[in-house]
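Participant: Per this note's numbering: the sequence shown = residues 265 to 781.
C-beta atoms are modelled at their ideal positions from N, C-alpha and C, and glycine is treated no differently.
Just so it is clear, the structure is predicted and the values come from calculations on it, not from any experiment.
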Amino acid sequence: MELIKKNIHMDHCQELAYTQISLEEDQNISDQKPDALRVICKKADVRIAETKVLDDSVLIKGALEYQVLYLTDEAEKRLCGMSGEIPFEEKIYTNKSCIYDEVRVAARAEDVTIRLINSRKINIRCIVAASVLCDALYDEEVVTDVENPAACEILKKTLAVTSIALDTRDIFRIKDEFSIPDGYPNIYALLWKNIRFDGLEFVPMDGRIGIRGEWTAFFIYEGEEEENEPRCFEMSRTIDGYLEVPECRDNMILRVDWEPEQEQVEVRTDYDGEERLIGLDMELKLFIKLYGNEELSVVVDAYGLHEKLEPVMKEGTYRHIIKNDCGKIKLSDTYDNSGEAEQITHILHADACIVDEKNAVTENEISMMGVVHMELLCKTEEPNEPYRCIVLDLPYKQIVSVMQLTKDSPYCVKMCIEQVHAGIQGDKIEVRVLLDYCLIAYCQTVEPMLVGMEKVTENGQDKSLPVMSVYFAKENEALWNIGKKYRVSLNDIKEINQINADVLNGGERILIAKEML
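1) Look at the Cβ atom of LEU380, then the Cβ atom of LEU335, and state whether they are nearer than 7 Å.
2) Less than 6 Å between C-beta atoms, sequence neighbours within five positions excluded: which residues of the same chain meet that for CYS653?
3) Under the assumption that ASP299 contacts ASP337 (Cβ atoms under 8 Å), give the Cβ distance between them as a whole number of angstroms.
4) With a 10 Å radius around its C-beta and 16 neighbouring C-beta atoms as the bar for buried, classify TYR555 as buried or exposed.
5) Can you tell me whether HIS685 is buried or exposed, with buried defined as 16 or more other CB within 10 angstroms of its CB?
6) Return the residue from the list LEU430, GLU486, GLU523 and GLU417 that minimises the CA-CA distance to LEU450.
7) THR598 and LYS661: beta carbons closer than 7 Å?
8) Tell me whether LYS420 sits in a helix, a strand or coil according to DSSP, three-state version.
9) Between which two residues does the alpha helix (DSSP H) carrying ALA747 extend?
10) Using the beta-carbon count (16 or more within 10 Å), is GLY603 buried or exposed?
11) Kindly identify the DSSP beta-bridge partner or partners of GLN668.
12) Which value, in whole angstroms, describes the spacing of the CA atoms of ALA327 and ARG384?
13) So does the segment 358 to 370 actually touch the segment 342 to 349, counting three or more Cβ pairs closer than 8 Å?
14) Just the Cα atoms here: how many angstroms apart are LEU669 and HIS584?
15) What is the C-beta distance between ILE586 and LEU518, in whole angstroms, given that I count them as a contact (C-beta under 8 Å)?
16) For the segment 275 to 323, which segments carrying the beta strand (DSSP E) assignment without a break, of at least 3 residues, lie completely within its bounds, in sequence order?
17) Residues bridged to ARG472 by DSSP?
18) LEU544: which of GLU441, ILE763 and THR480 sits nearest, CA to CA?
19) Using the Cβ count rule (16 or more neighbours within 10 Å means buried), how would you classify THR426?
20) Quick check on the DSSP output: the alpha helix (DSSP H) that includes ILE763 runs from which residue to which?
21) Got a sec? Which residues, its chain only, sit under 8 Å from ILE823 by beta carbon, not counting five neighbours each side?
22) Under a Cβ-count criterion, where at least 16 other Cβ atoms within 10 Å of its own Cβ denotes burial, should TYR567 be classed as buried or exposed?
23) Excluding the five sequence neighbours on either side, which residues of its own chain have a C-beta within less than 6 Å of the C-beta of GLU354, listed in chain order?
24) Take SER631 and list the residues in its own chain whose beta-carbon comes closer than 7 Å to its own, dropping the five residues that flank it on each side.
25) Taking 8 Å as the cut-off, does the segment 462 to 482 touch the segment 386 to 406 (at least 3 CB pairs, one atom from each stretch)?
26) Taking the alpha carbon of GLU559 as the reference point, which residue from LEU423, SER673 and SER395 has its own alpha carbon closest?
27) Assuming GLU718 contacts LEU550 (C-beta within less than 8 Å), just tell me the rounded distance between them.
28) ARG751: buried (16+ other C-beta within 10 angstroms of its C-beta) or exposed?
29) Are the CB atoms of ALA705 and VAL666 nearer to each other than 7 Å?
30) For ILE391, name the three-state secondary structure that DSSP assigns.
31) Please classify PHE483 as buried or exposed, where buried requires at least 16 neighbouring CB atoms within 10 angstroms.
32) For the segment 508 to 524 and the segment 457 to 468, state whether three or more C-beta atom pairs, one from each stretch, are separated by less than 8 Å.
33) Can you tell which of LYS671, ARG495 and ASP620 has its C-alpha closest to the C-alpha of GLN708?
34) Can you give me the start and stop residues for the beta strand (DSSP E) that LYS572 sits inside?
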C-alpha cells in the first residue's frame, strides 16, 4: 500500500539564554564645553555590532550609546550636550548547541542612571538586558491519502496547521533631508537629537510588504549667533514604502519584528553655503515571517483488506495560529505643577518608551502589562532653572481573550508607541499616549500520526477469522474498530446491515461478511 505524504514546514522560536550586563564608566566633559550644573535629560540605546555563535555560547560585541543634556554652571544658564559610547563584549552561555541554528540577540538598556560627579565629570550606569533567541525550522510528515484505496480502508481526520512560507531578514532604509525653520540661526553645533518611530504597520500584499508609519525627529542646537538660548524644533514625516517579497500574498499572516539598526545624522550646507540642513540616514532591521493557515485531511489509521498491515505511528508537534490580533491602548495622566517653584511656560519636547514589559498567559486569555516611561523637556520662567525634565510613568494592562489557549501555548507580542502628546492646561500638564500592539497566539498539539504501514505475517488466529459472523457491538463502539478487526470494508458492513452510523449502540447486532478472493 503506497502512501501519499506531505511535509508541513513550521517554525519554533525559543529563548536559549538571558543575561544582564552591568556597565559603569566615568566620562570627562570635553575641555571645549562649559562646566555642568545639573543633568536635564539622558538617553541610552544598545547597539549590537557583532554576534558570533559558538558551540555552547554566543559572543556578542556592542556598545551603549548615550546622550546627556545638561544645564551649564554659568551666570546665564544654558543648555549643552555631550554624547559617547561604552563598548562591551560578553559571552552568553546557552542551554544547548545552536551553531547550526538561526540565532539573534535582542538587547535593551535598563535602569539607566547618569549623574554628575563634579562639574567636569559624569558617571554612567546601565544594565544591558540581552536575550539569545533561536529561530528553528522543522518539518512534520503526515499521510494525506493512499494510491490504491480499493486494497485498504483508511481513517481520516482534519488537522488544522500553520505552515511557514518565509523566514528571512531584511533592511528598510530611510533617507531624508530637511531645512531648519525660517528665522532660525544657522547651526553651529547639535546639542541633542532624538528620533522615534511611531505606529509602524506592516501589511501583506501580493508580491510585497507595505510599510506604514511615521518617524519624529527632535533637535536642540546651538546657533552661530552669540545668544544664550539654544534653538529646538521637531520634524515628523510619514513612512509609506514597500519591500519586494515575491513569496508574499495578501491573505497570509505576517509577523515582523523590527529594531533600529543604524542612525546617522549630519549637518549639511544649503545652496547658499550655510549650515541649515540636516540629513538623516536610518535603517530598520526587519525579521520577517510569513504564515499560512490550512486544514489538512490526514490519515490517522489504516488496515489492509486482503493482507494484514500494521500502522507505523510517530508523535508529532503541530502548530496552529488561533489569534492574530492588532489593537490600541489609550493612556492618559495629569501632572500638577501648581506647587512647584519653577512654573512651566511651555513644553519643548515629549518623549516616551516602553519599559518593564511583562506578559502573562492564563487559560483562554493573555495579559499584556508594562509601563510607558515619559520624559517632558520643559521651559520655565525661573532664570536660575530655565529648563526642567518632568518624568512620568504610565502603567498599562490589556487583557485579550483567546479561546483554546493554555498556559503552555506559544505566543508573541509586539508593543510600540503610536502617538505621544503633552499639553499645558493652567497649572496642570496633561499627557496622552496611544499604544499599538500585535498579538499572535498558537495552539500547539502533540499527537501520534500515521507515517507508514508495515506488512505483518498472519498468525493462525488471523487465518481462522470466519468468512461470515454476527457481532454484538459494545456501547458507543466505533464501526472502524469492528472493520479493522475483521479486515472488512466499512461500506460493505453498512450496505449489508443497512446502517449509516459510524458509532453503534450497545448490543446492536452486526452481520460481518468477508469478501472471498
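Facilitator: Checking against the coordinates, here is how it stands:
1) no
2) ILE304, CYS305, GLU639 and LEU641
3) 4 Å
4) buried
5) exposed
6) A small fix is needed here, since residue 450 is Asn in this sequence, not Leu. Out of LEU430, GLU486, GLU523 and GLU417, GLU486 has the C-alpha closest to the C-alpha of ASN450.
7) no
8) strand
9) The amino acid at residue 747 is misidentified as Ala; the sequence shows Gly. Per DSSP, GLY747 belongs to the alpha helix (DSSP H) from 743 to 750.
10) exposed
11) BP columns for GLN668 are empty, so no partner.
12) 23 Å
13) no
14) 11 Å
15) About 17 Å separates the two Cβ atoms, so there is no contact after all.
16) 300 to 317
17) MET469 and GLU508
18) GLU441
19) buried
20) Careful: ILE763 lies outside any alpha helix (DSSP H) and carries neither H nor E.
21) The structure shown has nothing for residue 823, since the chain only spans 265 to 781.
22) buried
23) ILE285 and ILE324
24) ASN623, ALA624, LYS661 and ILE663
25) no
26) LEU423
27) Not a contact, Cβ separation roughly 47 Å.
28) buried
29) yes
30) strand
31) buried
32) yes
33) LYS671
34) First-last for LYS572: undefined, no H or E at that position.
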